[in-house]
């Protein structure tokens, strides 16, 4: 009986190991994406009043848009904000003030369209 259990375990292990041979897992998670996510976490969202209460300097403006096409998810506000934060970080900012987000009438090729504009700031916390 003990040998039969060992044989069954050996066969199951071999089947398990060889069953996944050649299987690929595709993901959008890359080392760059992890770094980018960390960097966008360093950008703080402020209101216009809050940013003026800090030692801050405006360094530029950024915008981001999303067009929903057939078989794609609808636009998500938080995803657009993450894109804006990424752009702010790339130009050297650590603060953002979202000025407006518009859900326009969809263009001919879009089922839904969301566009946001923001101001990038360098905020000193000293």
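In the working numbering, the protein residues as written are 8 to 133. Ideal Cβ positions, reconstructed from N, Cα and C, are used throughout, including at glycine.
Taking the alpha carbon of residue i as the point to measure from, which residue in the options has its own alpha carbon closest?
i           : options           : result
residue 127 : 71, 9 and 85      : 71
residue 124 : 92, 112, 10 and 9 : 92
Tell me which same chain residues have a C-beta within less than 6 Å of the C-beta of residue i, skipping the five on either side of it?
i           : result
residue 118 : 75
residue 67  : 98 and 127
Rounded to a whole number of angstroms, what is the C-alpha to C-alpha distance between residue i and residue j?
i           : j           : result
residue 116 : residue 47  : 30 Å
residue 122 : residue 109 : 5 Å
residue 82  : residue 112 : 13 Å
residue 73  : residue 120 : 6 Å
Cβ atoms of residue j and residue i: under 8 Å apart, would you say?
i           : j           : result
residue 58  : residue 105 : no
residue 100 : residue 56  : no
residue 77  : residue 94  : no
Leaving out the 5 sequence neighbours to the left and right, which residues in its chain are closer than 7 Å to residue i when beta-carbon positions are compared?
i          : result
residue 90 : 71
residue 49 : 96 and 101
Buried or exposed for residue i, please, with buried defined as at least 16 other CB atoms from any protein chain shown within 10 angstroms of its CB.
i          : result
residue 88 : buried
residue 63 : buried
residue 53 : buried
Taking only beta-carbon atoms, is residue i less than 8 Å away from chain C?
i          : result
residue 68 : Within the model displayed, chain C is absent; a lone protein chain is all it includes.
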